[in-house]
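Here is the structure we will look at, set down as structure tokens.
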Amino acid sequence: MAPIKDESIKTKVKPIESYMTTKIEVNKGAWTIEEDRKLAEFIEIHGPKRWKTIAAKAGLNRCGKSCRLRWMNYLRPNIKRGNISDQEEDLILRLHKLLGNRWSLIAGRLPGRTDNEIKNYWNSHLSKKINQKEKQREVLTRKGSKTQKRRLIEKVELREENNKEDSEDSKISFNVDDFFDFSNENPFNLEWMSNFLEQDEANN
DNA sequence: AAAGAGTCCAACCGCGACCAG
DNA sequence: CCTGGTCGCGGTTGGACTCTT
708 MAPIKDESIK
718 TKVKPIESYM
728 TTKIEVNKGA
738 WTIEEDRKLA
748 EFIEIHGPKR
758 WKTIAAKAGL
768 NRCGKSCRLR
778 WMNYLRPNIK
788 RGNISDQEED
798 LILRLHKLLG
808 NRWSLIAGRL
818 PGRTDNEIKN
828 YWNSHLSKKI
838 NQKEKQREVL
848 TRKGSKTQKR
858 RLIEKVELRE
868 ENNKEDSEDS
878 KISFNVDDFF
888 DFSNENPFNL
898 EWMSNFLEQD
908 EANN
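First residue of the first sequence: 708, per the working numbering; consecutive thereafter.
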């Protein structure tokens with residue numbers, strides 16, 4: 708839950724130079740209930756566009772960026788709160804394997820989740836999990852006999868060789884950016900997921 | 001009970017992309 | 001082309017909260 712401050716707590720203020728000569732001071736730090744209400748009401752009427760104008764016209768002493776972030780990560784409708792399910796976690800892992808740190812793309816495939824949330828979840832949970840797994844693997848490899856090690860290396864080499872061929876093929880048949888182009892798609896349409904999972908299974 | 005360490009997450013920052021003039 | 005304004009993204013920070021000693 709976002710820390711909604713008591714109005715009485717003094718907000719940090721940062722002076723910025725506007726394009727005019729006057730100095731404008733903007734609030735920084737946690738949002739108050741009153742600020743949330745103003746922002747939500749304004750967006751309900753005018754829509755979430757031109758954030759700088761929103762910040763000014765909604766009577767918020769905030770920069771446009773801050774308004775956008777607050778809307779996207781907290782006030783927007785359909786935001787899912789609470790723990791990430793096992794299914795969602797699995798999906799994040801698979802998508803991260805494919806896309807790397809492209810959080811907004813990953814978030815786009817998890818309805819109701821924000822890029823910030825997924826990024827935080829990755830940094831606090833999943834990156835640790837992966838490190839642990841890698842350490843375990845390392846220990847197992849060290850414990851093995853010389854012949855076991857040799858066999859393992861041969862296996863890895865064979866797999867890399869196959870992957871090379873696969874990736875050369877996939878250059879033609881599979882483009883990640885095309886695959887994740889949702890411009891013509893309902894965000895809650897989950898057909899993509901079964902396609903993606905099929906692709907992922909095939910690669911393993 | 002208190003203090004220090006660790007964790008989590010909202011919010012900020014800097015940068016690059018895009019677009020209009 | 002160039003410039004300035006705006007937006008969106010990923011990395012990082014800071015403070016609140018929880019756990020451990």
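Virtual Cβ for every residue (Gly too), placed ideally from N, Cα, C.
Buried or exposed (CB count within 10 angstroms, at least 16 for buried), residue i
{"i": "S773", "result": "buried"}
{"i": "R777", "result": "buried"}
{"i": "I752", "result": "exposed"}
{"i": "T848", "result": "exposed"}
{"i": "T821", "result": "buried"}
{"i": "R816", "result": "buried"}
{"i": "S874", "result": "Residue placement at S874 is flagged as unreliable, the pLDDT there being 42, under the threshold of 50; the coordinate-derived value follows with that caveat. Exposed, because fewer than 16 other Cβ atoms sit within 10 Å of the Cβ of S874."}
Presumed contact (8 Å Cβ cut-off) between residue i and residue j, rounded CB distance
{"i": "G766", "j": "K745", "result": "6 Å"}
{"i": "L800", "j": "D743", "result": "With 8 Å as the limit, L800 and D743 do not qualify as a contact, their Cβ atoms being about 33 Å apart."}
{"i": "N734", "j": "R757", "result": "19 Å between Cβ atoms; not a contact."}
Closest by C-alpha distance to residue i, when choosing among the options
{"i": "I750", "options": "R816, I786, A762 and Q843", "result": "A762"}
{"i": "E796", "options": "I786, N785 and Y828", "result": "Y828"}
{"i": "G807", "options": "P755, N830, V733 and K759", "result": "N830"}
{"i": "K826", "options": "Q839, L812 and N838", "result": "L812"}
{"i": "M779", "options": "K842, R816, E824 and V733", "result": "E824"}
{"i": "I786", "options": "E841, P818 and I740", "result": "P818"}
{"i": "H832", "options": "K842, I791 and E841", "result": "I791"}
{"i": "L798", "options": "W810, V846 and R844", "result": "W810"}
Cβ-heavy atom distance, residue i to the ligand SAH, below 7 Å
{"i": "K787", "result": "Summarising the ligand content, the structure contains no ligands, and the ligand SAH is consequently not present."}
Ranges of the alpha helix (DSSP H) found wholly within the region 734 to 799, counting only runs of at least 4:
740 to 753, 758 to 764 and 771 to 777
Residue ranges of each alpha helix (DSSP H) run of no fewer than 4 residues wholly in the region 801 to 829, ordered along the chain?
810 to 815 and 822 to 828
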